[in-house]
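Trainee: Residue numbers (UniProt numbering): 1 to 109. For every residue, glycine included, the Cβ atom is placed at its ideal position computed from N, Cα and C. Source: prediction; values computed, not measured.
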Amino acid sequence: MGYDPLIKALKDHRKSTIVMEWENGLKVSGKLDTIFETDNGYEDDDVNFKEYDSAIFRVDNILSEPHDVDNVIYKWLANHKGDLIEVSLYNDCPSILKLTNGVTIWKYL
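#1: Can you name, in chain order, every residue of its own chain whose Cβ lies under 6 angstroms from the Cβ of L97, other than the five neighbours on each side?
#2: Helix, strand or coil for D47, going by three-state DSSP, please let me know.
#3: Considering only residues of the same chain and omitting the five flanking positions on each side of T34, which have a CB-CB separation below 6 angstroms?
#4: By a C-beta neighbour count over all protein chains shown, 10 Å radius and 16 as the cutoff for buried, is D53 buried or exposed?
#5: To the nearest angstrom, report how far apart K27 and E51 are at their CA atoms.
#6: Please confirm whether N24 and D68 have their CB atoms less than 8 angstroms apart.
#7: Round the Cβ separation of I73 and D92 to the nearest angstrom and send it over; I've been treating them as touching at under 8 angstroms.
#8: Between the Cα of K31 and those of N48, Y108, V87, D39, spot the shortest distance and give me the residue it belongs to.
#9: Bridge partners for S64 per DSSP, in chain order?
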């Protein structure tokens, strides 16, 4: 089985700088670091168990702050706890990915 559309877009443009935006106004730029398969922490025999693809994204710049500065991703980056964030369709999904020239490469429907 292939990657979900978000992870596929990141993988297909792994050599490019990507601008990632969330509905809350947070906008960052950076590059794909790693892709991996993970799960939601439930036991695999639990009806709520879900496996999904996730990516580690290396943030180079915060381009705009979120409307709510209590946002977990923003707080992590702003407090200099690291420049790597986890991105997936399952948790804190961005709303759009663009190349630095403005071309949209993925959009959450």
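Mentor: From the atom records:
#1: Residue mapping note: residue 97 aligns to position 97 of the sequence shown, counting from 1. Hits under 6 angstroms: A9, I18, M20, I105, W106.
#2: If you number the sequence shown from 1, residue 47 lands on position 47. Sequence inspection shows Val at residue 47; the Asp mentioned does not correspond to that position. Looking at V47 - three-state DSSP - the assignment turns out to be coil, as it is neither helix nor strand.
#3: Reading the sequence shown from its first residue, position 34 is the one you call residue 34. Closer than 6 angstroms at the Cβ level, and outside the excluded window around T34, lie I56.
#4: Counted from its first residue, the sequence shown places residue 53 at position 53. It is buried - the Cβ of D53 has at least 16 other Cβ atoms within 10 Å.
#5: Working through the sequence shown from its first residue, we reach residue 27 at position 27. Working through the sequence shown from its first residue, we reach residue 51 at position 51. Spanning the two alpha carbons is a distance of roughly 27 angstroms.
#6: Counting from one through the sequence shown, the residue named residue 24 turns up at place 24. Counting from one through the sequence shown, the residue named residue 68 turns up at place 68. One thing to note: N24 has its Cβ within 8 angstroms of the Cβ of D68.
#7: Within the sequence shown, residue 73 is the residue found at index 73, counting from 1. Within the sequence shown, residue 92 is the residue found at index 92, counting from 1. Yes, they are in contact, since the Cβ atoms of I73 and D92 sit about 6 angstroms apart, within 8 angstroms.
#8: Translated into the one-based positions of the sequence shown, residue 31 becomes position 31. Of N48, Y108, V87, D39, the residue nearest in Cα terms is V87.
#9: Along the sequence shown, one-based indexing puts residue 64 at 64. The partner list for S64 (beta bridge, DSSP) reads K27.
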